[in-house]
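Below: one structure, written as structure tokens.
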Amino acid sequence: MMIKTKSIIINLIYPLIMLGLIMLIWAVAAKQIGSEFILPSIPDTLIQLKKLLLLDSFWLSYLNTIIRCFESFLISFSFAIIFTVISKLYRPARLLLSPLVSVIRALPTMAIILLLVIWTNSSIAPLFISIIVIFPTLYSQYLGEITGIDSKLLEMSKVYKVPRTRTITKLYIPQMLPVIVSSIGSGLSLTLKLMVAAEVLAQTVNSIGGMMQTSKVYFEIGQLMALTIITVITGLIFEITATFFKPLWRWKND
Amino acid sequence: MIKLENITKKYNDKTVYNNFNLNFNEGEILCVLGASGSGKTTLLNILAGITDFQGKIKGSINKISYIFQEDRLLDNLTVKQNISYVTGTDKGISEILNLIEMNSTENLYPKQLSGGMKRRVGMARAFAYPSNLLLMDEPFSNLDLNLKIKLIKIFKTLWKNNNKTTVFVTHDLDEAIMLSDRIIMIENGSIIEDLILPKTEKEYDSYPDIKKQLLSKIIK
Numbered sequence: 144m145m146i147k148t149k150s151i152i153i154n155l156i157y158p159l160i161m162l163g164l165i166m167l168i169w170a171v172a173a174k175q176i177g178s179e180f181i182l183p184s185i186p187d188t189l190i191q192l193k194k195l196l197l198l199d200s201f202w203l204s205y206l207n208t209i210i211r212c213f214e215s216f217l218i219s220f221s222f223a224i225i226f227t228v229i230s231k232l233y234r235p236a237r238l239l240l241s242p243l244v245s246v247i248r249a250l251p252t253m254a255i256i257l258l259l260v261i262w263t264n265s266s267i268a269p270l271f272i273s274i275i276v277i278f279p280t281l282y283s284q285y286l287g288e289i290t291g292i293d294s295k296l297l298e299m300s301k302v303y304k305v306p307r308t309r310t311i312t313k314l315y316i317p318q319m320l321p322v323i324v325s326s327i328g329s330g331l332s333l334t335l336k337l338m339v340a341a342e343v344l345a346q347t348v349n350s351i352g353g354m355m356q357t358s359k360v361y362f363e364i365g366q367l368m369a370l371t372i373i374t375v376i377t378g379l380i381f382e383i384t385a386t387f388f389k390p391l392w393r394w395k396n397d
Numbered sequence: 227m228i229k230l231e232n233i234t235k236k237y238n239d240k241t242v243y244n245n246f247n248l249n250f251n252e253g254e255i256l257c258v259l260g261a262s263g264s265g266k267t268t269l270l271n272i273l274a275g276i277t278d279f280q281g282k283i284k285g286s287i288n289k290i291s292y293i294f295q296e297d298r299l300l301d302n303l304t305v306k307q308n309i310s311y312v313t314g315t316d317k318g319i320s321e322i323l324n325l326i327e328m329n330s331t332e333n334l335y336p337k338q339l340s341g342g343m344k345r346r347v348g349m350a351r352a353f354a355y356p357s358n359l360l361l362m363d364e365p366f367s368n369l370d371l372n373l374k375i376k377l378i379k380i381f382k383t384l385w386k387n388n389n390k391t392t393v394f395v396t397h398d399l400d401e402a403i404m405l406s407d408r409i410i411m412i413e414n415g416s417i418i419e420d421l422i423l424p425k426t427e428k429e430y431d432s433y434p435d436i437k438k439q440l441l442s443k444i445i446k
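Chains as they are written, first to last, in the working numbering: chain A, 144 to 397; chain E, 227 to 446.
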């Protein structure tokens with residue numbers, strides 16, 4: 144119990160020290176620059192943040208971005224799972240998908256956003272761009288994990304004629320679960336970042352990215368900083384939530 | 227009787243077995259002795275059906291248990307779950323764990339067990355599985371003497387309780403003599419020695435002669 148409390152304290156102290164350092168640098172830089180149009184002070188940003196949280200239009204934008212973020216991730220995740228299973232079962236499918244995934248990964252994000260804005264509209268473009276970036280990342284991660292499952296365990300299962308359903312539920316899924324859950328946390332956080340970037344470029348209305356773009360145009364740097372803080376906190380919540388599922392694979396930690 | 231007829235097995239250009247034949251009785255412990263690379267594990271894998279080969283295996287082999295060189299336990303399952311993973315039921319697991327003095331560990335994960343305990347779980351799993359053929363691939367290798375003796379005793383206890391037809395491979399002469407009813411020695415895919423071992427305690431005196439006979443084959 145003592146060791147656990149100590150480890151929690153240590154895990155909290157370092158991020159807090161880093162946060163303190165960032166705040167200190169921000170405070171000093173804001174004082175040195177002395178212009179709220181370039182870098183607003185921490186209290187000014189917090190005032191803007193409070194104002195923002197009281198706006199209905201902000202919550203509408205926030206909700207739109209988050210929903211789009213979840214939609215995009217869900218599509219990427221589903222495709223990644225489906226193609227991982229197909230690639231595991233059929234080697235030709237894996238060989239066919241390999242160059243395709245490499246090409247998708249190499250696509251320049253900004254160029255694709257601009258093309259998608261032309262081809263589609265400003266609401267759909269951010270959705271697609273997140274899928275294009277997240278899907279190959281998840282697929283490669285899951286494929287690496289599933290092909291890395293110990294072949295000796297699979298051989299043992301074959302000798303003992305373990306039914307396929309049992310092999311899937313007791314061997315494949317538990318082995319994949321830690322990677323899947325952690326990828327959901329980090330993947331959602333990355334999707335959010337990409338989504339906001341795409342919304343800025345696509346100037347999506349009623350979105351966080353759209354609000355950031357408007358703030359930039361009207362030099363409302365305090366609001367821009369406040370929106371950035373909200374995005375960072377949301378991303379962190381996604382990542383931290385994934386860690387709550389850790390007890391599901393206690394066999395890995397004991 | 228289980229019969230292996232005209233077994234041929236090749237790995238790329240290397241022929242491990244060429245028209246190899248072997249018969250062994252049900253209920254006996256057959257030891258396959260041979261140097262590293264002589265095809266001992268390949269023979270077990272042929273019997274287990276996890277490697278392709280030409281030839282025929284005749285006899286009533288329905289289900290097979292296999293004690294591998296490594297533990298091959300699932301990290302995410304407890305001792306009891308690892309056994310029920312292959313048996314499909316919890317029935318009889320506690321009894322078998324009790325027999326090998328491991329009933330207190332049934333809810334532990336493999337990471338919480340010592341190397342020797344993991345081997346015992348592997349053995350318990352093999353005996354809990356309702357097979358009529360048990361294959362063992364050097365199950366006592368890389369163990370210190372005390373642990374080896376302990377595991378051999380455990381194997382004997384389990385085997386007395388459920389005497390499955392057993393084929394086990396080793397390169398350890400003492401292990402082979404201690405456990406087997408019959409020893410065959412393999413070299414270049416052929417049987418170069420075939421010995422039936424005495425079963426009664428009175429005949430234990432003949433063990434040094436058996437060892438001499440086997441050693442002479444190895445040295446030759």
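All C-beta atoms in this analysis are idealised placements derived from N, C-alpha and C, irrespective of residue type, glycine included.
Note that this is a predicted model, so its numbers are computed, not measured.
Residue range of the unbroken alpha helix (DSSP H) whose run includes residue 210 of chain A
199-232
Starting from residue 420 of chain E, follow the beta strand (DSSP E) in both directions and report where the run begins and ends.
416-422
Beta carbon of residue 366 of chain E, beta carbon of residue 378 of chain E: below 8 Å?
yes
Count the other C-beta atoms from every protein chain shown that fall within 10 angstroms of the C-beta of residue 415 of chain E, then say buried if there are 16 or more, exposed otherwise.
buried
Best match in A:240, A:273, A:212, A:166 for proximity to residue 225 of chain A [C-alpha to C-alpha]:
A:240
Can you say whether residue 302 of chain E is buried or exposed, counting buried as having 16 or more other CB atoms within 10 angstroms of its CB?
buried
Which residues in the same chain as residue 266 of chain A place their Cβ atom closer than 7 Å to its Cβ, once the five residues preceding and following it in sequence are excluded?
347
Do residue 215 of chain A and residue 351 of chain A have their CB atoms nearer than 8 Å?
no
Any heavy atom of the ligand MG within a distance shorter than 7 Å of the CB on residue 310 of chain E?
Absence of the ligand MG is noted for the structure shown, with no ligands found whatsoever.
Under 8 Å between the Cβ atoms of residue 337 of chain A and residue 276 of chain A?
yes
Can you give me the start and stop residues for the beta strand (DSSP E) that residue 281 of chain E sits inside?
280-284
Which runs of the alpha helix (DSSP H) at least 4 residues long sit entirely within the stretch 322-361 of chain E? Give them in chain order.
341-354
Using the C-alpha atoms, what's the distance from residue 326 of chain E back to residue 346 of chain E?
7 Å
Sheet register partners of residue 411 of chain E (DSSP bridge):
E:259, E:419
Across which residues does DSSP place residue 208 of chain E in a beta bridge pair?
Given a span of 227 to 446 for chain E in the structure shown, any question on residue 208 of chain E remains unanswerable.
Are there 16 or more other CB atoms within 10 angstroms of the CB of residue 229 of chain E, so buried, or fewer, so exposed?
exposed
Euclidean distance between Cα positions of residue 318 of chain E and residue 371 of chain E
30 Å
Which stretch, first to last residue, makes up the beta strand (DSSP E) that contains residue 293 of chain E?
290-293
Same chain, Cβ closer than 7 Å to residue 329 of chain E, neighbours up to 5 away in sequence not counted:
320, 323
Give me whichever residues DSSP pairs with residue 302 of chain A in a beta bridge.
Residue 302 of chain A is not bridged to any residue.
Closest Cβ-Cβ distance between residue 250 of chain E and chain A: below 8 Å?
no
Listing by chain order, which chain E residues have their CB less than 7 Å from the CB of residue 166 of chain A?
The contacting residues do not exist; residue 166 of chain A stays about 41 Å from chain E at best.
Would residue 237 of chain E be called buried (16 or more neighbouring beta carbons within 10 Å of its own) or exposed?
exposed
By how many angstroms is the C-alpha of residue 380 of chain A removed from the C-alpha of residue 192 of chain A?
18 Å
Does any CB atom of chain E fall closer than 8 Å to the CB of residue 161 of chain A?
no
Can you list, in chain order, the residues of its chain whose CB lies under 8 Å from that of residue 392 of chain A, leaving out five sequence neighbours each side?
317, 320, 321
Comparing alpha-carbon positions, which option in E:336, E:289, E:292 lies nearest residue 307 of chain E?
E:336
Quick one: which residues of the stretch 315-326 of chain A get their C-beta closer than 8 Å to a C-beta of chain E? List them in chain order.
317, 318
Give me whichever residues DSSP pairs with residue 185 of chain A in a beta bridge.
None; residue 185 of chain A has no bridge partner.
Please tell me whether residue 350 of chain E has its Cβ less than 8 Å away from any Cβ of chain A.
no
Is the Cβ of residue 192 of chain A closer than 8 Å to any Cβ of chain E?
no
So what's residue 278 of chain A in DSSP terms, helix, strand or just coil?
helix
Give the secondary structure of residue 311 of chain A by DSSP, where H, G and I count as helix, E and B as strand, and everything else as coil.
helix
Taking any Cβ of chain A, which residues in the stretch 235-262 of chain E have a Cβ under 8 Å from it, in chain order?
none
Among E:298, E:341, E:316, nearest to residue 293 of chain A - alpha-carbon criterion:
E:298
If you draw a straight line from the C-alpha of residue 304 of chain A to the C-alpha of residue 281 of chain A, how long is it?
32 Å
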